[in-house]
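Residue numbers (the working numbering): 1 to 392. The C-beta atom is built at its ideal place from N, Cα and C for all residues, glycine as well. Remarks on the structure that follows.
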Amino acid sequence: MVSSQKADIPNPIKILHVDDDLCFLDVSKQILTTEANLIVDCATGVDAALKKLEAEPYDVILSDYEMPQKNGLDFLKTLKQQNNDTPFILFTGRGREEVAIQALNLGADGYYNKQGLPETVYGELIYAIKNINEKRKMKQALQESEKRYRTIMDGASDAILIHDKKGRLIDVNQQACINLQYTKKELLTMYIEEIDSIATEDQIGGQYWADVLAGKTLTFESTHKRKDQTTFPVEVSLREMAIGEEKLIMAIARDITERKKAESEFFQKYDALERVGEAVSAGLAVISKDYRVIWANAMLRARGGLNRKCYEIYAKRDSICEDCGVRKIFEENKSLDIHEFKTTNVLGMNMWVELRATPLKDKNGAIMAALELVIPITERKKIEQQKKENQT
């Protein structure tokens with residue numbers, strides 16, 4: 001059995017050599033097995049070889065052409081009918097060039113003449129065996145990788161759309177087809193701007209793509225258009241991916257229709273929050289997952305308009321604050337974050353505030369936004385400072 005020959009060899013190449021000449025099989029086996037990672041099993045005819053293939057797999061098949069009952073081409077045809085893709089090398093005598101052409105047309109991986117100087121014949125054959133086996137392993141690894149990729153893509157509950165730097169769709173998953181009401185074939189003839197109007201190279205999308213291709217991951221809200229021209233709100237995460245040397249953009253789009261309904265219901269009740277803020281002389285803001293201020297009470301509205309980044313309005317920064325409580329809500333899943341923050345008021349005077357961030361969740365328990373309570377504590381800080389000075 002092949003399994004007992006050189007059993008201690010790591011990852012050996014298992015060869016099934018088929019030839020009706022027993023002496024030739026023995027000689028070939030001795031020569032081939034001098035290679036450290038080659039082990040050889042033999043069969044004297046096609047039927048015997050097919051039985052061995054039923055019992056265990058092989059990495060490469062070597063076959064003579066002219067054999068009793070069934071020849072090498074019959075053998076190859078049978079393998080193809082059985083969907084057996086084991087690499088097949090025709091290893092036969094001179095004057096078989098027309099047979100070699102037929103074999104290659106049937107899908108054989110090579111043709112080698114077994115007549116000639118053994119050093120030359122087997123040197124070329126061993127090189128071919130190793131090369132073919134390596135290509136097969138690479139092909140199998142690629143197929144496994146593609147299978148895992150497809151499983152992840154089509155198993156995702158969010159739509160995934162992959163496009164190039166011009167917006168041309170390269171791949172989509174099943175959920176994208178369901179959400180957008182297109183077939184995959186239809187989507188792969190389209191550009192992302194046909195689905196998302198802001199995702200064009202010369203508009204907002206172009207800047208997003210540039211940032212993503214520079215290594216950033218971005219999350220923002222947008223609107224997608226279905227085949228029937230109706231629209232629905234989405235939360236889009238953009239990240240870079242590569243196929244070969246080509247940089248592509250992967251958009252993961254979550255349908256947030258239910259979240260928007262919940263937000264709408266919330267805004268209908270915002271007047272109650274307004275009164276709470278007034279009662280405690282505090283600011284209240286609702287901040288989306290892309291850090292936009294989507295609602296604020298009168299105290300914070302005086303600091304700036306809505307639909308801008310919270311750190312731009314309140315901290316006059318162009319990036320998220322170092323100790324951002326809202327970030328901890330979104331990224332660390334904290335239920336409450338409290339910290340103090342030094343800022344300026346509308347008159348430009350220094351002031352201290354206590355920031356309390358808590359999550360706002362939809363009916364399914366998913367975080368849809370953060371509620372931030374801003375309590376002025378300047379007087380308290382002054383008293384604390386005075387106490388420290390008195391103690392010294």
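Specify the secondary structure class of residue i as computed by DSSP and reduced to three states.
i: Tyr291; result: coil
i: Pro57; result: coil
i: Leu360; result: strand
i: Lys247; result: strand
i: Met138; result: helix
i: Val374; result: strand
i: Thr217; result: coil
i: Gly365; result: coil
i: Thr44; result: coil
i: Asp154; result: helix
i: Ser281; result: coil
i: Lys225; result: strand
i: Leu336; result: coil
i: Leu355; result: strand
i: Met1; result: Confidence at Met1 is low in this model, with a pLDDT of 42, below 50, so the placement of that residue is unreliable and no value is reported for it.
i: Lys6; result: With a pLDDT of 47 at Lys6, under the threshold of 50, the predicted position of this residue should be treated as unreliable, though the coordinate-derived value follows. Coil.
Since residue i and residue j are thought to touch, with beta carbons under 8 Å apart, how far apart are those beta carbons, to the nearest angstrom?
i: Val234; j: Ile256; result: 6 Å
i: Ile374; j: Leu355; result: Checking the displayed sequence, the identity of residue 374 turns out to be Val instead of Ile. At roughly 6 Å, the Cβ-Cβ gap stays under 8 Å, so Val374 and Leu355 are in contact.
i: Ile13; j: Asn133; result: 5 Å
i: Tyr314; j: Tyr291; result: Their Cβ separation, rounded to whole angstroms, is 11 Å, which puts Tyr314 and Tyr291 out of contact at 8 Å.
i: Thr219; j: Ser237; result: 5 Å
i: Leu169; j: Leu188; result: 6 Å
i: Asp323; j: Ile329; result: Asp323 to Ile329, Cβ: 13 Å. No contact.
i: Thr44; j: Asp20; result: 5 Å
i: Thr33; j: Val40; result: 6 Å
i: Gly167; j: Glu193; result: 6 Å
i: Val293; j: Leu306; result: 5 Å
Between which two residues does the alpha helix (DSSP H) carrying residue i extend?
i: Cys321; result: That residue, Cys321, is in no alpha helix (DSSP H); it is neither H nor E in DSSP.
i: Asn390; result: 378-391
i: Glu35; result: No alpha helix (DSSP H) contains Glu35, which DSSP labels as neither H nor E.
i: Ala298; result: 298-301
Tell me which residue opens and which closes the beta strand (DSSP E) that residue i is part of.
i: Pro233; result: 231-243
i: Leu161; result: 159-163
i: Ile478; result: No information on residue 478 is available, as it lies outside the stretch 1 to 392 that the chain covers here.
i: Leu347; result: Per DSSP, Leu347 belongs to no beta strand (DSSP E) and is neither H nor E.
i: Ile16; result: Looking at the sequence itself, residue 16 is Leu, so the reference to Ile does not match. Taken as a continuous stretch (DSSP letters only), the beta strand (DSSP E) holding Leu16 covers 13-18.
Beta carbon of residue i: closer than 7 Å to some heavy atom of the ligand NAD?
i: Asn133; result: As for the ligand NAD, it is missing from this structure, which has no ligand bound.
Taking the alpha carbon of residue i as the reference point, which residue from the options has its own alpha carbon closest?
i: Ile129; options: Phe88, Lys52, Asn333; result: Phe88
i: Glu245; options: Glu221, Leu213, Leu238, Asp109; result: Leu213
i: Lys227; options: Ser157, Lys342, Lys261, Lys184; result: Lys184
i: Tyr58; options: Cys42, Glu379, Pro68, Leu300; result: Cys42
i: Met368; options: Thr151, Tyr311, Thr378, Glu258; result: Glu258
i: Leu76; options: Glu221, Ala55, Ile101; result: Ile101
i: Gln385; options: Asp362, Gly365, Trp352, Leu371; result: Trp352
i: Gln125; options: Ala262, Leu38, Lys334, Val326; result: It should be pointed out that residue 125 corresponds to Leu in this sequence rather than to Gln. The option with the nearest alpha carbon to Leu125 is Leu38.
i: Ala108; options: Tyr127, Asp164, Asp85, Asp323; result: Asp85
i: Lys70; options: Asn131, Phe24, Val18, Asp158; result: Val18
i: Cys321; options: Glu54, Glu340, His163; result: Glu340
i: Asn333; options: Lys289, Val172, Lys135, Cys177; result: Lys289
i: Gln115; options: Lys135, Val60, Phe91, His163; result: Phe91
i: Asp64; options: Val46, Gln143, Glu221, Leu306; result: Val46
i: Ala282; options: Leu300, Val293, Lys388; result: Leu300
i: Lys363; options: Thr344, Arg317, Ala262, Ser319; result: Ala262
i: Lys216; options: Glu240, Trp295, Glu265; result: Glu240
i: Leu248; options: Tyr122, Trp209, Met67, Tyr127; result: Trp209
i: Thr378; options: Asn297, Ala49, Met349; result: Met349
Does residue i get closer than 8 Å to chain E when you measure Cβ to Cβ?
i: Glu263; result: The structure shown has no chain E; it contains just one protein chain.
| field | Contiguous beta strand (DSSP E) assignments of at least 3 residues, all confined to the segment 62-113 | value | 88-92, 110-113
| message | Quick check on the DSSP output: what are the complete alpha helix (DSSP H) runs of length 4 or more inside the segment 167-202, in order along the chain? | response | 174-180, 184-187
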